[in-house]
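Presented below is the structure to which this report refers.
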Amino acid sequence: MIRALMLALVVATSACGAGAIAAPAPGRVSADQRVPLDLRRTTLVVRDIEASLAFYRAIGLVPIYDNVIRTPRDAKNDESAEQSLRLVFLRANDDYIGILGLMEYTRPERQPRPKRAPDDNLLNPGDIVLVFNVENQEEVFARAVASPGVRVGETPHVVTYPGYDGTSVIRVSFSSVYDPDGHYVELNQVLTDLPVGE
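Going by my numbering, 110 is the number at position 123 of the sequence shown; the sequence numbering is gapless.
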């Protein structure tokens, strides 16, 4: 599990250095290394989209899309629809890749998965880990834990990971919380420059 978390951290932070947030960089990977796909969005199915929005806006994400989607598409209201959901997209520093989606079903009613027990800090198969790099961890972490329904995972502390060359060390101020639906969210500040690619 630690290796998977480390890999997620390194992939998510591969263009950041010394605590800076990476600017959008479509040429981040050289042309001969590019693959024919982009990871556009991760969408979380949530119990209460307003609570989720409050949390993700508090940590700095910006809403860029917010619509009710009904099936069939010409349904005038939820009552006349077979299915109805609200879908919101939020961005960090790129409006094409790395988008976070929030989706709440209103029809038909979905039964939520059981909430994580307050003392359950283990990640299990099927769980996700969202990794965010932040510029001012202390401020962002304080806003995150002040959001309703959020639970602290780990308070900020420095951790190290093996560097890309196998001999250096990547230093990260690591912190984590569980969002209002129990999704595991890392709020990290990178303390060591990371390579941008060959």
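Each residue gets a CB set at the ideal place from its N, CA and C atoms; glycine is no exception.
* To do: Give the straight-line distance between the Cα atoms of residue 20 and residue 177, rounded to the nearest whole angstrom.
  => So the two alpha carbons sit approximately 25 angstroms from each other.
* For the alpha helix (DSSP H) holding residue 158, just list the boundary residues, first then last. => Bounds of any alpha helix (DSSP H) do not take in residue 158; it lies within the beta strand (DSSP E) bounded by 156 to 165.
* Same chain only: Cβ atoms within 8 angstroms of residue 175, ignoring 5 sequence neighbours per side -> Excluding positions up to five away in sequence, the list reads -4, 0, 118, 119, 120, 121, 124, 159, 160, 161 and 162.
* **Same chain, Cβ closer than 6 angstroms to residue 91, neighbours up to 5 away in sequence not counted** => So the qualifying residues of the chain are 33, 36 and 73.
* **Rounded separation between residue 151 and residue 166 - CA only** => Their backbone Cα atoms lie some 31 angstroms apart in a straight line.
* Asked: Are there 16 or more other CB atoms within 10 angstroms of the CB of residue 66, so buried, or fewer, so exposed?
  -> The residue is exposed, with fewer than 16 neighbouring Cβ atoms inside 10 Å.
* Below 9 angstroms between beta carbons: does that hold for residue 85 and residue 130? -> No, these two residues do not count as a Cβ contact at 9 angstroms.
* CB residue 39 to CB residue 89, shorter than 9 angstroms? -> Yes, they are a contact pair.
* Residue from 42, 15 and 147 whose Cα sits closest to the Cα of residue 139 -> Relative to the Cα of residue 139, the nearest Cα in the group 42, 15 and 147 belongs to 42.
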